[in-house]
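> In this note's numbering, the protein residues as written are 482 to 835.
Beta carbons: idealized from backbone N, C-alpha and C, even for Gly.
A quick note: this is a predicted structure, and the numbers were derived from the prediction, not measured.
Structure incoming, see below.
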């Protein structure tokens, strides 16, 4: 349809110009926020430039929704100000029909953005963070204190005062053995345990069996082995935002198997899918915003785009935080803003000027 092609030709150039502008803006904000740190450590300019380049895909991911929102709001605002949409509406063509190509564009960008984040943004962001830590001489330690790990579906519980990652040792170790019903069978205590490559070697272990009334001291059987890998006790340096969706799902399974909290990681995983719907949401908002402005279309479109984006991201941030703190389910924490703003967008289109 000629009208659809005309609408797309109005939107696409503005979209790419806005995308370039917002990507440049986000890149400069990140650069100048850390530039003094790089200079204080005398980081090479080539390395600083590589940090900026590696951050560009993430900037594109952030800038895509707001660029789409601005381009559609501006394009439709211009059509309104020139009375072109008035002619379209008086011809019997409703707003949803005229906007059909940009709605399809939003759905396509939602799908593409998910795979773009999963396959391109995540590896480059991980490399960017790694290079930044190297330039700033920051080191991650895997040592951890006050560790509680459940294994074998909760039948074995490791309670560790301190895990030393450098020497791979467990200090102040208590192992609680339970049956399938959760009843206490025995308690094993050791001042220290060392990892020998295949299993934990306990120093002077003491074992106590529960006979129903009291604990009875006994010798640790030689056939009893503890082979939980050191990585289970290590302080988690894994950021779910640096993992692909498939890797994040496996990581959550590992946390669940070890009896560790999964709410925060699960919320981040759900948020990954929810964020991909953002281009579709901003299209619903922009179609109604475009009809509000007859004058100063460029300025008002830019301002309304920024305000709408800030409100949406703040709502998403608050909802995600509530999900991570278990005030609401992780699924609701990730998806609640999406459904709320879809409803708002539909209502705004319903009352948009046509």
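Just mark residue 591 as buried or exposed, buried being the case when its beta carbon has 16 or more other beta carbons within 10 Å.
Indexing the chain shown from 1 puts residue 591 at position 110. Classification of residue 591: buried, given that the 10 Å Cβ count is 16 or more.
> Just the Cα atoms here: how many angstroms apart are residue 497 and residue 737?
Here residue 497 refers to the residue found at position 16 of the chain shown. Here residue 737 refers to the residue found at position 256 of the chain shown. Looking at the two C-alpha atoms, the distance is approximately 43 Å.
> Would you check if the distance between the CB atom of residue 510 and the CB atom of residue 519 is smaller than 8 Å?
For the purposes of this step, residue 510 is taken as residue 29 along the chain shown, with counting starting at 1. For the purposes of this step, residue 519 is taken as residue 38 along the chain shown, with counting starting at 1. Not in contact: residue 510 and residue 519 (Cβ atoms no closer than 8 Å).
> Tell me where the alpha helix (DSSP H) around residue 571 begins and ends.
Within the chain shown, the letter at position 90 stands for residue 571. Looking at the DSSP string, the run of the alpha helix (DSSP H) that includes residue 571 is 565–571.
> If we count Cβ pairs, one from each stretch, closer than 8 Å, do we get three or more for the region 644–659 versus the region 700–714?
With the cut-off at 8 Å, the region 644–659 and the region 700–714 touch.
> Measuring straight from C-alpha to C-alpha, what distance separates residue 578 and residue 502?
For this step, residue 578 is matched to residue 97 along the chain shown. For this step, residue 502 is matched to residue 21 along the chain shown. Approximately 30 Å between the Cα atoms of the pair.
> Give me the Cα-Cα distance between residue 553 and residue 616, rounded to the nearest whole angstrom.
Within the chain shown, the letter at position 72 stands for residue 553. Within the chain shown, the letter at position 135 stands for residue 616. For residue 553 and residue 616, the distance between alpha carbons rounds to 41 Å.
> Would you tell me roughly how many angstroms separate the C-alpha atoms of residue 810 and residue 793, rounded to the nearest one?
Sequence index remark: in the chain shown, residue 810 carries index 329 (1-based). Sequence index remark: in the chain shown, residue 793 carries index 312 (1-based). The straight-line gap from Cα to Cα measures roughly 19 Å.
> Considering just the uninterrupted stretch of the alpha helix (DSSP H) at residue 485, what are its terminal residues?
Taking the chain shown and counting its residues from 1, one reaches residue 485 at position 4. Looking at the DSSP string, the run of the alpha helix (DSSP H) that includes residue 485 is 483–521.
> Quick check on residue 645: does DSSP put it in helix, strand or coil?
If you number the chain shown from 1, residue 645 lands on position 164. DSSP places residue 645 in strand when its eight states are reduced to three.
> Would you identify the three-state DSSP class for residue 533, choosing helix, strand or coil?
Indexing the chain shown from 1 puts residue 533 at position 52. Here residue 533 sits in helix by DSSP.
> Just checking my contact of residue 804 with residue 815 at CB under 8 Å: how many whole Å lie between their CB atoms?
The count along the chain shown starts at 1 and reaches residue 804 at position 323. The count along the chain shown starts at 1 and reaches residue 815 at position 334. Right, their Cβ atoms sit about 6 Å apart.
> Which residue from 633, 707, 710 and 752 puts its Cα closest to that of residue 729?
Here residue 729 refers to the residue found at position 248 of the chain shown. Of the listed residues, the one whose Cα sits closest to residue 729 is 752.
> Skipping 5 residues on each side, what residues in its chain have a beta carbon closer than 7 Å to that of residue 537?
Position 56 of the chain shown, counted from the start, is the residue given in the question as residue 537. Excluding sequence neighbours, residue 537 sits near 504 and 508.
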